[in-house]
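Heads up: the structure comes next, in structure tokens.
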Amino acid sequence: LSSKGIDIDDYGWIRVKPTLQCVSHSNIFAAGDCASIESSDFNVPSKAGVYAVRAGPILIENISRILNRREQDDVLNRKYHDLVQYQPQDDFLKLIMCGDG
Numbered sequence: 001l002s003s004k005g006i007d008i009d010d011y012g013w014i015r016v017k018p019t020l021q022c023v024s025h026s027n028i029f030a031a032g033d034c035a036s037i038e039s040s041d042f043n044v045p046s047k048a049g050v051y052a053v054r055a056g057p058i059l060i061e062n063i064s065r066i067l068n069r070r071e072q073d074d075v076l077n078r079k080y081h082d083l084v085q086y087q088p089q090d091d092f093l094k095l096i097m098c099g100d101g
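Residue numbers (my numbering): 1 to 101.
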């Protein structure tokens, strides 16, 4: 990805803003395990499915908002101030199977 100009972190994850937009390309979105969210408002969530599931509706909403804009120039030059920001939850339920029945 980095050879194509997409900004990635040290682990190869796509660096995204809280709007789930790639920091280097505002027309590229990523969520879940392939994304590394950069924000000073919250700690970066771990790679767990619950975060991907919760990011899904935000991802759909933001892509829909961009696709629904009427003028292509507006899409490319806008500051994206009207996009929804993903706020990961602080914690999630963790289940452990002990294998004893």
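Virtual Cβ for every residue (Gly too), placed ideally from N, Cα, C.
N- and C-terminal bounds of the beta strand (DSSP E) containing V23: From DSSP, V23 is part of no beta strand (DSSP E); its letter is neither H nor E.
Which value, in whole angstroms, describes the spacing of the CA atoms of F29 and D10? In this structure, the straight-line span from the alpha carbon of F29 to that of D10 is close to 19 angstroms.
With which residues is A35 paired in a DSSP beta bridge? Beta-bridge partners assigned by DSSP to A35: I14.
Which of helix, strand or coil DSSP assigns to I66: Three-state result, I66: helix.
For a test of the three-state rule: what should DSSP assign to I6, helix, strand or coil? In the structure shown, I6 sits in coil (DSSP, three-state: anything other than H, G, I, E or B).
Once you ignore the five residues that flank I14 on each side, which residues in its own chain have a CB closer than 8 angstroms to its CB? Counting only Cβ-Cβ distances below 8 angstroms, and skipping sequence neighbours, we find L1, I6, D7, I8, C22, I28, A30, C34, A35 and S36.
Label N62 either buried or exposed according to how many other C-beta atoms from any shown protein chain fall within 10 Å of its C-beta, with 16 as the threshold for buried. Under a 10 Å Cβ-count criterion, N62 is classified as buried, with 16 or more other Cβ atoms of the shown protein chains found around its own Cβ.
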